[in-house]
Amino acid sequence: MPTFTYEAMDNKGMEVKDTIEAATEQEAQSKIRERGFYVTKISEKGRTKKKKDANASKDGKKKPTKKKGTFTIGGVGAKQLCTFTRQLSTLQDAGLPILRSLRILEVQAKPGALKNSLMGVIEDIESGSTLSEAMGKQPKAFDNLYVNMVKAGEAGGALEVILQRLAEFKERQQSLKRKVQGAMIYPAAVITVATLIVGFIMYWIIPKFKKIFDDFGTKLPMMTEVLIGTSSAVVNYWYLGPVIPISIWLLIKIIKKNKTGAFVVDWLSLRIPMLGLILKKSIVARTCRTLGTLVASGVPILEALAITRDTAGNAVFVKAFEHVNAAIREGESMAVPMRETKIYDEIVVNMVDVGEETGALDNMLYKVADVYDEEVGVLVEGLINMLEPLMVVVLGLIVGFIVIALFMPLIQLLNDLS
8 MPTFTYEAMD NKGMEVKDTI EAATEQEAQS KIRERGFYVT KISEKGRTKK KKDANASKDG
68 KKKPTKKKGT FTIGGVGAKQ LCTFTRQLST LQDAGLPILR SLRILEVQAK PGALKNSLMG
128 VIEDIESGST LSEAMGKQPK AFDNLYVNMV KAGEAGGALE VILQRLAEFK ERQQSLKRKV
188 QGAMIYPAAV ITVATLIVGF IMYWIIPKFK KIFDDFGTKL PMMTEVLIGT SSAVVNYWYL
248 GPVIPISIWL LIKIIKKNKT GAFVVDWLSL RIPMLGLILK KSIVARTCRT LGTLVASGVP
308 ILEALAITRD TAGNAVFVKA FEHVNAAIRE GESMAVPMRE TKIYDEIVVN MVDVGEETGA
368 LDNMLYKVAD VYDEEVGVLV EGLINMLEPL MVVVLGLIVG FIVIALFMPL IQLLNDLS
């Protein structure tokens, strides 16, 4: 039986060199894969047929992979990471070695944070690190959720399945985000244009009418005085327009640096009519999907809760997850402490309770996330439908007030002249 010499990499990225007996090269590759190795080069003794990695030279030795990254500011965008995860999942599902998959994606990536991170990941894997360890060293691209799911996939020998779940998870997140952003484009555009037009009228048009009224020396009605006073404030203090909202935003950021302040701000944000409900349901959907994905991937429940807590983005939910985590450590189920937090609807608590009883917690969490994603979409659509007539009414009142306030003195002047 022919003997084949091969070079391969194990799950930790370490290079393995050995020989194996098989009838054909395909059979030899199958036997090598059964051992948990990824073939980078194989040849029958006495022949020159080889399967090389994309980074191998003609003599079979690895070329140096260390590259210099470009200067970047900020991290990897959610959309870019989503695309990368789907592509990596596809390459892994096709049976390519992880290093070769990463090299392919690194070559096709545009210069930026993701390309730099992939260079670092490839270099660390070649030095003997696992994929999760290498990704953990690149926080600009891969957060705790990403790293821990990859780690669970490596431990369970199902990395391609975990990457597929990660890709689906990030695609759903992106879909919901695009839906909300797309729905808000129209009202945001209308409000921006209306603000600019009213500002132009206040800054340029009203002062000209004020000069006419001053020349005639007529007594102005209260509405006109209010309009002219507002116009004078806009002319003299126009810079407060951008300064005030930026100052409020910075103040909120400073307050949220404190744990108590962050809790108060986030608690108030959940109490805003309509918007608070949308925010609450979107957080529930995101956290349930995150927790369900982690549980399905084999991450221990306490670790999964800690990761989900860090991705909540709201201090009220962070405190709730801390309470649930502490209760589970003491031996309680998840449903009881969730009910005690009083921020989850009864349907969520009951579905989690059923999931724990039946051993299908991940599926129940997915269902909760799907339901709440749909409800968020309906609420956003309802908010937009409510905003459209409201904007028309408000703009009509503003324009009507300006027209009446300007024409009342003109009518009075005409009466005096006649």
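FYI, the numbering for the sequence shown is 8 to 425, going by the working numbering. Every residue, glycine too, gets a C-beta built ideally from N, C-alpha and C.
CB-CB length for residue 390 against residue 290, believed under 8 Å: Position 383 of the sequence shown holds residue 390. Position 283 of the sequence shown holds residue 290. Taking C-beta atoms under 8 Å as the contact rule, residue 390 and residue 290 fail to qualify, at a distance of about 17 Å.
Under three-state DSSP, which class holds residue 250? As a first step, residue 250 must be located in the sequence shown, where it is residue number 243. DSSP, read as helix, strand or coil, puts residue 250 in helix.
Tell me, to the nearest whole angstrom, how far the beta carbon of residue 376 is from that of residue 292; I am working on the premise that it is less than 8 Å. Position 369 of the sequence shown, counted from the start, is the residue given in the question as residue 376. Position 285 of the sequence shown, counted from the start, is the residue given in the question as residue 292. Rounded, the Cβ-Cβ distance is 5 Å, consistent with contact.
Pull the bridge partners of residue 10 from the DSSP assignment, please. Looking up residue 10 in the sequence shown gives position 3. DSSP output for residue 10 lists 28 as bridge partner(s).
Express the C-alpha separation of residue 406 and residue 179 in angstroms, rounding to a whole number. Stepping through the sequence shown from its first residue, residue 179 is reached at position 172. Stepping through the sequence shown from its first residue, residue 406 is reached at position 399. Rounded to whole angstroms, the gap between the alpha carbons of residue 179 and residue 406 is 42 Å.
Where does residue 51 fall in DSSP's three states? Numbered from its first residue, the sequence shown carries residue 51 at position 44. Here residue 51 carries a strand assignment [DSSP, helix/strand/coil].
Just the Cα atoms here: how many angstroms apart are residue 100 and residue 382? As a working note, residue 100 is residue 93 in the sequence shown. As a working note, residue 382 is residue 375 in the sequence shown. Pairing residue 100 with residue 382, the inter-Cα distance amounts to about 34 Å.
Three-state class that DSSP yields for residue 413 in the structure shown: As a working mapping, residue 413 is identified with position 406 in the sequence shown. Note: residue 413 maps to helix in three-state DSSP.
Which one of 148, 311, 117 and 130 has the shortest CA to CA distance from residue 155? Position 148 of the sequence shown holds residue 155. Taking only the C-alpha atoms, the option nearest residue 155 is 311.
8 Å Cβ cutoff met for residue 308 and residue 350: Counted from its first residue, the sequence shown places residue 308 at position 301. Counted from its first residue, the sequence shown places residue 350 at position 343. Contact flag unset, no.
Taking 8 Å as the threshold, find out whether the stretch 195-213 comes into contact with the stretch 236-252 through three or more Cβ pairs. A contact exists between the stretch 195-213 and the stretch 236-252.
Provide the residue span of the alpha helix (DSSP H) that contains residue 292, from first to last. Here the question's residue 292 lines up with position 285 in the sequence shown. Segment 282-303, the alpha helix (DSSP H) holding residue 292.
In chain order, what residues of the same chain have a beta carbon less than 8 Å from the beta carbon of residue 408, not counting five sequence neighbours either side? Here residue 408 refers to the residue found at position 401 of the sequence shown. Once the five neighbours on either side are set aside, the close Cβ partners of residue 408 are 230 and 234.
How would you write the range of the alpha helix (DSSP H) that residue 198 sits in, first residue to last? One-based indexing of the sequence shown puts residue 198 at position 191. For residue 198, the enclosing alpha helix (DSSP H) begins and ends at 166-207.
Limits of the unbroken alpha helix (DSSP H) element including residue 332: Numbered from its first residue, the sequence shown carries residue 332 at position 325. Note, residue 332: alpha helix (DSSP H), 322-336.
Closest by CA to residue 359, which one among 352, 348 and 371? Stepping through the sequence shown from its first residue, residue 359 is reached at position 352. Residue 371 is the option with its Cα nearest to residue 359.
From 90, 317, 49 and 23, pick the residue whose C-alpha is nearest to that of residue 32; which is it? Locating residue 32 in the sequence shown gives position 25, counting from the first residue. Residue 32 has its Cα closest to that of 49, out of 90, 317, 49 and 23.
For the pair the stretch 191-201 and the stretch 390-403, tell me if three or more CB-CB distances fall below 8 Å. A contact between stretches requires three or more CB pairs, one per stretch, nearer than 8 Å, and the stretch 191-201 meets this requirement with the stretch 390-403.
Is the beta carbon of residue 369 sitting closer than 8 Å to the one on residue 319? Residue numbering aside, residue 369 sits at position 362 when the sequence shown is read from its first letter. Residue numbering aside, residue 319 sits at position 312 when the sequence shown is read from its first letter. No; because the gap between Cβ atoms is not below 8 Å, this pair is not in contact.
Measuring straight from C-alpha to C-alpha, what distance separates residue 374 and residue 384? The residue you call residue 374 lines up with position 367 of the sequence shown. The residue you call residue 384 lines up with position 377 of the sequence shown. Cα to Cα, residue 374 sits roughly 16 Å from residue 384.
Going by other Cβ atoms of all chains shown within 10 Å of its Cβ, with 16 needed for buried, is residue 316 buried or exposed? By 1-based counting over the sequence shown, the position of residue 316 is 309. Buried is the call here.
In chain order, each alpha helix (DSSP H) run of at least 4 residues that lies wholly inside the stretch 372-408: Here no run is fully enclosed.
Alpha carbon of residue 347 to alpha carbon of residue 323, nearest angstrom: As a position in the sequence shown, residue 347 is number 340, starting the count at 1. As a position in the sequence shown, residue 323 is number 316, starting the count at 1. The alpha-carbon atoms of residue 347 and residue 323 are separated by roughly 13 Å.
Mind reading off the beta-carbon distance from residue 41 to residue 11? Whole number of angstroms is fine, and I expect it under 8 Å. On the sequence shown, residue 41 is found 34 positions in, with the first residue counted as 1. On the sequence shown, residue 11 is found 4 positions in, with the first residue counted as 1. About 14 Å separates the two Cβ atoms, so there is no contact after all.
Can you grab the Cα-Cα spacing for the pair residue 251 / residue 330, in whole Å? Against the sequence shown, residue 251 aligns to sequence position 244. Against the sequence shown, residue 330 aligns to sequence position 323. One C-alpha to the other measures close to 37 Å.
Consult DSSP for residue 86 and reduce its assignment to one of helix, strand or coil. The residue labelled residue 86 in the question sits at position 79 within the sequence shown. Looking at residue 86 - three-state DSSP - the assignment turns out to be helix.
Sort 183, 226, 274 and 177 by Cα distance to residue 416 and report the nearest one. Stepping through the sequence shown from its first residue, residue 416 is reached at position 409. With respect to the C-alpha of residue 416, the residue from 183, 226, 274 and 177 having the closest C-alpha is 226.
With C-beta atoms as the reference, is residue 138 less than 8 Å away from residue 132? Here residue 138 refers to the residue found at position 131 when the sequence shown is read from its first residue. Here residue 132 refers to the residue found at position 125 when the sequence shown is read from its first residue. Cβ atoms of residue 138 and residue 132: closer than 8 Å.
Cutoff 6 Å; reference residue 1; Cβ partners in own chain excluding five residues on either side: With the chain running from 8 to 425 in the structure shown, residue 1 is simply not present.
Let me see if you follow: with CB-CB separation under 8 Å, is residue 400 close to chain C or not? Considering every chain present, this structure includes no chain C. It has just one protein chain.
Can you determine whether any heavy atom of the ligand SAH sits closer than 7 Å to the C-beta of residue 174, and answer yes or no? Here there are no bound small molecules, and the ligand SAH is not part of this structure.
Nearest candidate by alpha-carbon position, reference residue 164, set 105, 277 and 353: Mapped onto the sequence shown, residue 164 falls at position 157. Minimum Cα distance to residue 164 is reached at 105.
Cut-off 8 Å between Cβ atoms - residues of its own chain near residue 143, not counting five sequence neighbours on either side: Here residue 143 refers to the residue found at position 136 of the sequence shown. Contacts found: 149 and 154.
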